[in-house]
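Q:
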Ligand code: FS2
Ligand code: SF4
């Protein structure tokens, strides 16, 4: 196996024996093959569109689900990947029949084999290292990881009934183009286009979330527990949470959010449920201790599964793109109602969660809420009460080096405000950093996709202050990344013209020296240093 798609990749170069995340070589091979088959499928759909033929939403959804399932920590189940490959091959066959011009089709579009041994053989030839030139490989993978992130966001919009054919068409064409002998310049242009599509994808999801659940609003979220049994829901899928809340109503079972599900508490249409009682615990990587002490069942709706301990494995359920062998998977395609009754019945037999914290945290500062406070914020900037905004969005992770972000937040001068989104917030959202004239010093916009909100806020401030360039704003970027959704967020910010982003705790292993050099030169991308130097560099 060879995988270097996430920040925790072995020795910051690549996982070759087993994934640091727990991915086995067998699963890694099937993931590589699923990506390859999806490239072939995308070649056919792209060519069908060129022939003026319609590609159905179901086909679009299958491709995004394929990519989403290969995101770090999403799915560890070998059988799931084999089934997805078979389904994709079946679909590929059907779509091929509709294509008039079948000349010049690539190997990915034509390959079809169901024998596991032959599939393994193929997988070992089509993985990341099959591109020999390291710069071309780097650019291709940068695009593919961005598309994986975009797929995740598209999927969350799709389940709420929102689709953008333009985004899907781009996603498939870009994926197909990673199989073509494009030059580095052409691939760089495609990287930028991927960033533009990322902006559209996040805007689609923002629209889907806010039209369905209302605009996030300032909310104090309980982090303690009740004495009733509970279900913990993690991941990013708000539609799953909504269904779970409906189904647990009046059952005596409480629902708690974990990690990236915390921002669900900020939405009017979700916080109105009495049975949504708060958030339990912290970021994804703490789940081994926190799932143990939660005592009740846990529903993983998307990525960021840590291979579970046997002591609580029988309480873990997965759904959607998520999967783990031996854990029960709750079925339900886009638009279908899911049945969570088994989880609810198990919860009733479990003790209430063991309290690990008490009090509350405040969030809900997505674009609508922040813009409602715009006058206050603009006054604070004009009076000098707020000197700088620091975007500290992205992901959290288990490496000790990430304590940098806690220390950085603590070391920030008191006239700075942190704008955050994603699970990175858990490094500083319980520090009690105070407020500036009633504006909290940590403004949490929501999940990682809500980094879009931060961009909307920046664009609005640029307008209010009548600036030419977004980079003239008193905003600096110190972003933490872990998996591929952070890649699309980064590419989207670059596409919006944001410069001088600091990215840590390490730069992606998939950036070759030359590609990293281009990002440094063109966009001022930089890594992180030590806290004192970075405070000097970014703030003073
Ligand atoms: Fe955190 Fe994991 Fe959200 Fe990432 S919970 S690292 O998925 O995309 O952020
Ligand atoms: Fe390694 Fe990350 Fe790939 Fe897992 S997802 S195998 S940790 S690079």
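In this note's numbering, the protein residues as written are 4 to 543. Quick reminder that beta carbons are idealized off the backbone N, C-alpha and C, glycines included.
State the beta-bridge partners of residue 320 as determined by DSSP.
A: Counting from 1 along the chain shown, the entry for residue 320 is found at position 317. DSSP lists 302 and 331 as partners of residue 320.
Q: Touching or not, the stretch 442-453 and the stretch 256-276, by the rule of three or more beta carbon pairs under 8 Å?
A: Yes, they touch.
Q: So does residue 488 have its beta carbon nearer than 6 Å to some heavy atom of the ligand FS2?
A: What you label residue 488 is simply residue 485 of the chain shown in a count that begins at 1. Residue 488: yes, Cβ under 6 Å from the ligand FS2.
Q: Please report the distance separating the alpha-carbon of residue 306 from that of residue 75.
A: For the purposes of this step, residue 306 is taken as the residue at position 303 of the chain shown. For the purposes of this step, residue 75 is taken as the residue at position 72 of the chain shown. The straight-line gap from Cα to Cα measures roughly 7 Å.
Q: Return no unless some Cβ of chain B is closer than 7 Å to the Cβ of residue 425.
A: Reference to chain B is not applicable here, since this structure consists of a single protein chain.
Q: Taking 6 Å as the limit between beta carbons, can you name the residues of its chain near residue 284, skipping five residues before and five after?
A: Locating residue 284 in the chain shown gives position 281, where the first residue counts as 1. Cβ within range, chain order: 261 and 293.
Q: For the pair the stretch 89-98 and the stretch 38-51, tell me if three or more CB-CB distances fall below 8 Å.
A: They touch, by the three-pair rule.
Q: Considering residue 447, what are the terminal residues of the alpha helix (DSSP H) in which it resides?
A: Residue numbering aside, residue 447 sits at position 444 when the chain shown is read from its first letter. Segment 445-447 is the beta strand (DSSP E) holding residue 447; no alpha helix (DSSP H) there.
Q: What are the partner residues of residue 282, as DSSP defines its beta bridges?
A: Here residue 282 refers to the residue found at position 279 when the chain shown is read from its first residue. Its beta-bridge partners are 260.
Q: Report all residues from its chain with a CB closer than 7 Å to the CB of residue 551; omit the five preceding and five following residues, and keep chain order.
A: The question about residue 551 has no answer here: the residues shown for the chain are numbered 4 through 543.
Q: Closer than 6 Å: is that where the CB of residue 306 sits relative to any heavy atom of the ligand FS2?
A: Walking along the chain shown from the start, residue 306 turns up at place 303. Yes, since a heavy atom of the ligand FS2 falls inside the 6 Å radius drawn around the Cβ of residue 306.
Q: Find the nearest neighbour of residue 251 within the set 349, 467 and 314, judged by alpha-carbon distance.
A: As a working note, residue 251 is residue 248 in the chain shown. That would be 349, whose Cα lies nearest to the Cα of residue 251.
Q: Name the DSSP beta bridge partners of residue 505, please?
A: Position 502 of the chain shown, counting from 1, holds the residue named residue 505. Looking at the DSSP assignment, residue 505 forms a beta bridge with 481 and 529.
Q: Let me make sure I understand the geometry here. Which of 229, 243, 320 and 317 has the alpha-carbon closest to that of residue 280?
A: Taking the first residue of the chain shown as position 1, residue 280 is located at position 277. Ranking 229, 243, 320 and 317 by Cα distance to residue 280 puts 229 first.
Q: Give the secondary structure of residue 237 by DSSP, where H, G and I count as helix, E and B as strand, and everything else as coil.
A: Mapped onto the chain shown, residue 237 falls at position 234. Strand.
Q: List the DSSP bridge partners of residue 18.
A: Along the chain shown, one-based indexing puts residue 18 at 15. Bridge partners of residue 18: 6.
Q: Does the structure place the stretch 187-195 close enough to the stretch 106-120 that three or more beta carbon pairs sit under 8 Å?
A: With a cut-off of 8 Å, the stretch 187-195 and the stretch 106-120 do not count as touching, because too few Cβ pairs lie within range.
Q: Measure how close the beta-carbons of residue 502 and residue 526 come, nearest whole angstrom, since I'm counting them as under 8 Å.
A: As a working mapping, residue 502 is identified with position 499 in the chain shown. As a working mapping, residue 526 is identified with position 523 in the chain shown. 6 Å between Cβ atoms; contact.
Q: Report the option in 140, 118, 48 and 127 whose CA atom is closest to the CA atom of residue 97.
A: Counting from one through the chain shown, the residue named residue 97 turns up at place 94. When each option's Cα is compared against that of residue 97, the closest is 48.
Q: Distance, Cα to Cα, residue 331 vs residue 72?
A: The residue labelled residue 331 in the question sits at position 328 within the chain shown. The residue labelled residue 72 in the question sits at position 69 within the chain shown. Their backbone Cα atoms lie some 16 Å apart in a straight line.
Q: So, do the stretch 343-359 and the stretch 219-238 have three or more beta carbon pairs nearer to each other than 8 Å?
A: As far as the Cβ criterion goes, the stretch 343-359 touches the stretch 219-238, which means the pair count is three or higher.
Q: Given 6 Å as the limit, tell me if residue 8 has its C-beta closer than that to any heavy atom belonging to the ligand SF4.
A: The residue given as residue 8 occupies position 5 in the chain shown. Correct: residue 8 has its Cβ closer than 6 Å to the ligand SF4.
Q: Quick one: is residue 468 buried, meaning 16 or more other Cβ sit within 10 Å of its Cβ, or exposed?
A: On the chain shown, position 465 is the one that residue 468 refers to. It is exposed - the Cβ of residue 468 has fewer than 16 other Cβ atoms within 10 Å.
Q: What do you reckon, is the C-beta of residue 605 under 6 Å from a heavy atom of the ligand FS2?
A: Residue 605 is absent from the structure shown; the chain starts at 4 and stops at 543.
Q: When the Cα atoms are used, what is the spatial distance from residue 312 to residue 291?
A: Along the chain shown, one-based indexing puts residue 312 at 309. Along the chain shown, one-based indexing puts residue 291 at 288. Using only the alpha carbons, I get a separation of about 7 Å.
Q: Along the chain, where does the alpha helix (DSSP H) that runs through residue 422 open and close?
A: Here the question's residue 422 lines up with position 419 in the chain shown. Taken as a continuous stretch (DSSP letters only), residue 422 belongs to no alpha helix (DSSP H), being part of the beta strand (DSSP E) at 419-423.
Q: Would you kindly work out how many angstroms separate the C-alpha atoms of residue 135 and residue 184, rounded to a whole number?
A: If you number the chain shown from 1, residue 135 lands on position 132. If you number the chain shown from 1, residue 184 lands on position 181. Rounded to whole angstroms, residue 135 to residue 184 spans 12 Å at the Cα level.
Q: Using only the alpha-carbon positions, how far apart do residue 368 and residue 219 sit?
A: The residue labelled residue 368 in the question sits at position 365 within the chain shown. The residue labelled residue 219 in the question sits at position 216 within the chain shown. Cα-Cα distance, rounded: 7 Å.
Q: In whole angstroms, what is the alpha-carbon distance linking residue 474 and residue 354?
A: What you label residue 474 is simply residue 471 of the chain shown in a count that begins at 1. What you label residue 354 is simply residue 351 of the chain shown in a count that begins at 1. One C-alpha to the other measures close to 52 Å.
Q: Let me check one thing: in DSSP terms, what residues is residue 366 bridge-paired to?
A: What you label residue 366 is simply residue 363 of the chain shown in a count that begins at 1. DSSP output for residue 366 lists 222 as bridge partner(s).
Q: Residue 287: beta carbon under 6 Å from a heavy atom of the ligand FS2?
A: What you label residue 287 is simply residue 284 of the chain shown in a count that begins at 1. Residue 287: yes, Cβ under 6 Å from the ligand FS2.
Q: By the 10 Å Cβ neighbour count, where 16 or more other Cβ atoms means buried, how is residue 211 classified, buried or exposed?
A: Along the chain shown, read from residue 1 onward, the residue named residue 211 stands at position 208. Per the 10 Å Cβ criterion, buried.
Q: Skipping 5 residues on each side, what residues in its chain have a beta carbon closer than 6 Å to that of residue 67?
A: Here residue 67 is taken as the residue at index 64 of the chain shown, counted from 1. These residues qualify, in order along the chain: 154, 157 and 158.
Q: Hey, residue 479 and residue 393: beta-carbon distance below 7 Å or not?
A: For the purposes of this step, residue 479 is identified with residue 476 of the chain shown, where counting begins at 1. For the purposes of this step, residue 393 is identified with residue 390 of the chain shown, where counting begins at 1. Cβ atoms of residue 479 and residue 393: closer than 7 Å.
Q: Regarding residue 425 and the ligand FS2, is the C-beta to nearest heavy atom distance less than 6 Å?
A: Within the chain shown, numbered from 1, the residue matching residue 425 stands at position 422. Because some heavy atom of the ligand FS2 lies under 6 Å away, the Cβ of residue 425 counts as near it: yes.
Q: Whose CA, out of 481, 202, 174 and 116, lies closest to the CA of residue 70?
A: Numbered from 1 along the chain shown, position 67 holds the residue referred to as residue 70. Residue 174 is the option with its Cα nearest to residue 70.
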